[in-house]
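Data first, discussion second: the structure below is written as structure tokens.
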Amino acid sequence: MKRLLKNALIWIGAVMLLFVNVLPAYADVQNFSGDNMELVHVSEEKLDDGNVLVTEVYEENNDGIQMYATNRTKIAQKRSYIKTSKGVVLVQMRLKATFQYNGRGSHCMGKNEYVDKCVKPYTIPVHYSNKENNTAYGHFRIQKNGKHFITKILTLTCSKNGTLS
Numbered sequence: 333m334k335r336l337l338k339n340a341l342i343w344i345g346a347v348m349l350l351f352v353n354v355l356p357a358y359a360d361v362q363n364f365s366g367d368n369m370e371l372v373h374v375s376e377e378k379l380d381d382g383n384v385l386v387t388e389v390y391e392e393n394n395d396g397i398q399m400y401a402t403n404r405t406k407i408a409q410k411r412s413y414i415k416t417s418k419g420v421v422l423v424q425m426r427l428k429a430t431f432q433y434n435g436r437g438s439h440c441m442g443k444n445e446y447v448d449k450c451v452k453p454y455t456i457p458v459h460y461s462n463k464e465n466n467t468a469y470g471h472f473r474i475q476k477n478g479k480h481f482i483t484k485i486l487t488l489t490c491s492k493n494g495t496l497s
């Protein structure tokens, strides 16, 4: 009877570890403005045409779920958009990535790039993403009036402790 109880507790513990360590790695934030996303950084850059390029970093706030996990998972998004002086968004692109970290290292588990908005005369005919080690990259070639305007590379990096940059 003791052995049966001990085996049952081991199985329950194994299943709990599965839920804490594995399932969050496959979580997917479908809605960019989801309740769990928190804005952690904003920067602005003035462009040659007088518009402003804004870049924002968001991260999913789920540390409480993973408090005792050996390997933690973090979902992050970097959104960049071009806006006029009146605040009208002309182009919006986004990179989403999932990272796993444990205090000794981190790695990017998945990435996707999105073009959320393009208003004429802007287009984004080429966009793709890739990952390497603990970094995800989103490449966007932006054209204005059919000619190359800027190439924007969004980069998300996760440190061994889960800090995004």
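With our numbering applied, the sequence shown corresponds to residues 333 to 497, in that order. Think of the CB as a built atom: it goes at the ideal place given N, C-alpha and C, for glycine as much as any other residue.
Of the listed residues the options, nearest to residue i (C-alpha basis)
i	options	result
Ile485	Asn368, Ile456, Asp381 and Asn465	Ile456
Tyr413	Gly435, Lys479, Ile474 and Ser497	Ile474
Val374	Arg411, Asp381 and Asn368	Arg411
Lys418	Gly382, Gly478 and Leu371	Gly382
Ser438	Lys479, Gln409 and Glu464	Glu464
Chain-order list of residues whose beta-carbon lies under 7 Å from that of residue i (same chain, five-residue window excluded)
i	result
Met441	Ala357, Thr430, Phe431 and Gln432
Gly478	none
Ser497	Thr489
Asn493	Tyr433 and Gly435
Val458	Arg473
Thr416	Asn383 and Leu422
Whole-Å CB distance - residue i paired with residue j, under 8 Å assumed
i	j	result
Lys428	Lys443	7 Å
Thr467	Thr489	5 Å
Asn434	Asn462	In fact, because the Cβ distance is near 23 Å, the residues do not count as touching under 8 Å.
Tyr469	Thr483	Not confirmed; about 12 Å, so no contact.
Ala408	Glu391	5 Å
Sequence-distant residues of its chain with Cβ nearer than 6 Å to residue i (five each side left out)
i	result
Leu385	Glu377, Leu379 and Ile414
Tyr446	Arg426
His471	Tyr460 and Ile485
Phe481	Ile474 and Gln475
Leu355	Unreliable positioning characterises Leu355 in this predicted model, as indicated by a pLDDT of 36, which lies under 50. A coordinate reading is not provided.
Cutoff 7 Å: residue i Cβ touching any chain D Cβ
i	result
Asn383	Chain labels in this structure do not include chain D; a single protein chain is all it has.
8 Å CB neighbourhood of residue i in its chain, flanking five on each side removed
i	result
Val372	Val389, Tyr390, Glu391 and Leu496
Handout entry: the segment 416 to 432 in contact with the segment 446 to 453 per 3-pair CB rule at 8 Å
Key = yes
Contained beta strand (DSSP E) runs [length at least 3] in the segment 450 to 493, N- to C-terminal order:
454 to 464, 467 to 476 and 479 to 489
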